[in-house]
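Numbering (numbering that gives the first Met the number 0), first residue to last: 0 to 269.
Ideal Cβ placement from N, Cα and C applies to all residues, glycine included.
Computed from a prediction, not measured in an experiment: that's the story for all the values here.
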Amino acid sequence: MSWDRVYSFAGNIVAPATALSTLLFYFGYVSTRAQYLYFGLDVDTIGLSTQAFVMRSPQPLLVPLLVLFLLVAGGIAVSRWLGPRLTGHTGAALVLGTTIVGVGLLVLFAYPAIGRWTYYPLVTPVLLALGAGITAYVMGVRRGPVRLRVALWLTVAAAVFWTNATLAQWSGAGLGQEQASRLNELPRVVLDTRERLYLRNADVSEAVLQPEEGQTFRYRYRGLRLLVQNGDKMFLVPCTERVDPCPYHPGSATLVVRFSDSTRVQFLSP
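Right under this line is the structure:
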């Protein structure tokens, strides 16, 4: 079984373009979900399209991909320099690789005990990828079984995928925290409604509109910012106009408003 046959078999199962689009969608979804979860908002409630998630994927993928490409380039350079010198002295490298894999597996199965450790979802796949990569490389120098090498490289690929997913989640959470610390940069919203909303938030002010001929709206709300909009749905967060910058208070409610005859919306510059 040669590598050419492996690539041909994989190419016949999944079209490269489809696989790339699926990966971009996944990482964009993971990042966006973590971003809006900071505001207590499930990303599925927003209803973003597949294209929207794909367009959001460069944010969490740019740095990890740059690091990955540099590591691959460095690994190729090291292998060309080390390969001729490693022949006949692969024992220590093989022990090192299998040891790192063993440590990674111990950390993996120790999830019930250390799963709450902040860096668990990053350290575990990095150990598995590093150990499996070293072991697979040494097995290649030794002309070891092809199936074993394929399994090891698949382990590396799965671990890299896990690492990128973790980084995408952290990137989304960091983006949400940064956005929450500068809500004053979001567009201001003045919301008129026919019925009282009973909003219990000190940052949002309510004013009763004077009845006039043709006036159907009775209440006006200020102190809201547009977090995200999709279709006819707006997701608004409270942000007092008296504080600059306006921080987000964890636990504050996110208001969902639809464009309809019962609402009137004015957008103002930040």
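Rounded to the nearest whole angstrom, the C-alpha separation of residue 178 and residue 238 is 12 Å. Within the segment 136-216, complete alpha helix (DSSP H) segments of at least 4 residues are found at 145-180, given in chain order. Cβ-Cβ separation between residue 67 and residue 155: approximately 11 Å, too far for a contact (criterion under 8 Å).
Annotated three-state conformation of residue 269 is coil, per DSSP. Beta bridge pairing from DSSP links residue 59 with no other residue.
Residue 233 has 228, 256 as its beta-bridge partners, per DSSP. Straight-line measurement puts the Cα of residue 208 at about 45 Å from the Cα of residue 57.
Pairwise C-beta distances place the segment 108-126 out of contact with the segment 138-153, as fewer than three of them are shorter than 8 Å. Residue 224 and residue 182 do touch by the CB rule: their CB atoms are close to 5 Å apart, below 8 Å. In the structure shown, residue 239 falls within a coil segment according to DSSP collapsed to helix, strand and coil. In this chain, the alpha helix (DSSP H) harbouring residue 90 covers 89-108. With contacts defined by Cβ atoms closer than 8 Å, residue 253 and residue 236 form a contacting pair. Shortest Cα-Cα distance from residue 129 to any of 143, 166, 94 involves 94. Sequence-distant Cβ neighbours of residue 135 in its own chain, meaning closer than 6 Å and more than five residues away, are 148, 151, 152. DSSP places residue 222 within a strand segment (E or B) once states are collapsed to three.
For a cut-off of 8 Å, the C-beta gap from residue 45 to residue 37 is around 14 Å, too long to register as a contact. Within the model, the alpha-carbon separation for residue 51 versus residue 91 is close to 48 Å.
The bridge partners DSSP lists for residue 263 are 191. At least 8 Å separates the beta-carbon of residue 103 from that of residue 89. Sequence-distant partners of residue 257 (beyond 5 residues in either direction) whose C-beta falls short of 8 Å from its own C-beta, in its chain, are 231, 232, 233. Look at residue 22 here: in three-state DSSP terms it is helix.
In the structure shown, residue 129 falls within a helical segment according to DSSP collapsed to helix, strand and coil.
In the structure shown, residue 52 falls within a helical segment according to DSSP collapsed to helix, strand and coil. For residue 43, the uninterrupted alpha helix (DSSP H) segment begins and ends at 42-45.
If you ignore the 5 residues before and after residue 255, its C-beta comes within less than 7 Å of the C-beta of 232, 234, all in its own chain and listed in chain order. Leaving aside the five residues that flank residue 206 on each side, the residues in its chain whose CB is nearer than 6 Å to its CB run, in chain order, 219. Residue nearest to residue 99 within the set 39, 186, 24, 127 is 127 (criterion: CA-CA distance).
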